[in-house]
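Number of protein chains: 2
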Amino acid sequence: MAEMDESTRAELAELRQSIDNIDAALVHLLAERFKATQRVGRLKAERGLPPSDPDRERVQIARLRALALDAQLDPAFAEKWFNFVVAEVIHHHEQIASTGSVSTQSAAQ
Amino acid sequence: MAEMDESTRAELAELRQSIDNIDAALVHLLAERFKATQRVGRLKAERGLPPSDPDRERVQIARLRALALDAQLDPAFAEKWFNFVVAEVIHHHEQIASTGSVSTQSAAQ
Numbered sequence: 002m003a004e005m006d007e008s009t010r011a012e013l014a015e016l017r018q019s020i021d022n023i024d025a026a027l028v029h030l031l032a033e034r035f036k037a038t039q040r041v042g043r044l045k046a047e048r049g050l051p052p053s054d055p056d057r058e059r060v061q062i063a064r065l066r067a068l069a070l071d072a073q074l075d076p077a078f079a080e081k082w083f084n085f086v087v088a089e090v091i092h093h094h095e096q097i098a099s100t101g102s103v104s105t106q107s108a109a110q
Numbered sequence: 002m003a004e005m006d007e008s009t010r011a012e013l014a015e016l017r018q019s020i021d022n023i024d025a026a027l028v029h030l031l032a033e034r035f036k037a038t039q040r041v042g043r044l045k046a047e048r049g050l051p052p053s054d055p056d057r058e059r060v061q062i063a064r065l066r067a068l069a070l071d072a073q074l075d076p077a078f079a080e081k082w083f084n085f086v087v088a089e090v091i092h093h094h095e096q097i098a099s100t101g102s103v104s105t106q107s108a109a110q
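Read top to bottom, the protein sequences are chains A and B. With our numbering applied, the first sequence closes on residue 110, and no number is skipped along the way. With our numbering applied, the second sequence closes on residue 110, and no number is skipped along the way.
Okay, here's the thing in structure tokens:
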């Protein structure tokens, strides 16, 4: 690894502190998102509705791609990211439908 | 699909509006996160530093798992999510090192 001078080290540390702050916000927002989707999962399980909703997902993806473009985030990445999160949501919905709850501490992977 | 009564439909719509609000916030924060990591990527490329930094990533993962536990988010999911985002960051750093910039609009997948 190349040696870092003092100004590079200071600039990197400052950027990393911003990244850490953003990451803390992202984790807390993701936690809120899963609270909301778990409420959706319980509602769907109680009413016998299917765990996934492809029509809703298509609308969400189109909206997120537009928001991403506006924020100068790669829309293809926004879509991949959304699919990654939704896969976890569907997994939760299936758990709720079969067991009544989501085991948030058990995923030892 | 089972028929939805009016109160289920209203409750679902309300939860989905919260999810959509959270998603808009997440997309904008992700855009900011990539702005910061692209600055890191340019700095690393200028100074000849390697694109990835396993020591820094280990610290980030431990911190995010602790934040996730505190926010009642599955820490294993938080870690998977972080690795998913970091894979994109490393890809950007490599692009910056070889071409000088990140093509945010080109990923037609």
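Every residue, glycine too, gets a C-beta built ideally from N, C-alpha and C.
DSSP three-state assignment for residue 71 of chain A, whether helix, strand or coil
Correct three-state label for residue 71 of chain A: helix.
Which of the three DSSP states is assigned to residue 103 of chain B in this structure?
coil
Considering only residues of the same chain and omitting the five flanking positions on each side of residue 69 of chain A, which have a CB-CB separation below 6 Å?
76 and 79
What's the call for residue 100 of chain A, buried or exposed, on a 16-neighbour Cβ count within 10 Å?
Residue 100 of chain A comes out exposed.
Whole-angstrom Cβ separation of residue 74 of chain A and residue 41 of chain B, contact assumed at under 8 Å?
Not quite, the Cβ-Cβ distance comes to about 16 Å (not below 8 Å), so this is no contact.
With distances taken Cα to Cα, identify the nearest neighbour of residue 21 of chain B among A/63, A/6 and A/88.
A/63
Cβ neighbour criterion (16 or more within 10 Å) applied to residue 37 of chain A
That one is buried.
Which residues in chain B have a C-beta closer than 9 Å to the C-beta of residue 37 of chain A? List them in chain order.
16, 17, 19, 20 and 23
Checking contacts by CB at 8 Å: is residue 79 of chain A closer than that to chain C?
Of the protein chains in this structure, namely A and B, none is chain C.
Hey, would you say residue 93 of chain A sits closer than 8 Å to residue 45 of chain A, going by beta carbons?
no
By a C-beta neighbour count over all protein chains shown, 10 Å radius and 16 as the cutoff for buried, is residue 103 of chain B buried or exposed?
buried
From this set, B/81, B/31 and B/91, which residue's C-alpha is nearest residue 54 of chain B's C-alpha?
The residue with the shortest Cα to Cα distance from residue 54 of chain B is B/91.
For chain B, check one thing: does any of its Cβ atoms lie closer than 8 Å to the Cβ of residue 48 of chain A?
True, the Cβ-Cβ gap to chain B drops below 8 Å.
Proximity below 8 Å, CB of residue 26 of chain B to CB of residue 72 of chain A:
no
Hey, out of A/35, A/87, A/66 and A/82, whose CA is closest to residue 19 of chain B's CA?
A/35
According to DSSP, simplified to helix, strand and coil, what is residue 58 of chain A?
helix
Is the beta carbon of residue 86 of chain B closer than 8 Å to that of residue 65 of chain A?
no
Considering Cα atoms alone, identify which of A/81, A/23 and A/49 is closest to residue 58 of chain A.
A/81
Out of curiosity, what's the CA-to-CA distance linking residue 48 of chain B and residue 10 of chain A?
11 Å
Just the Cα atoms here: how many angstroms apart are residue 60 of chain B and residue 17 of chain B?
34 Å
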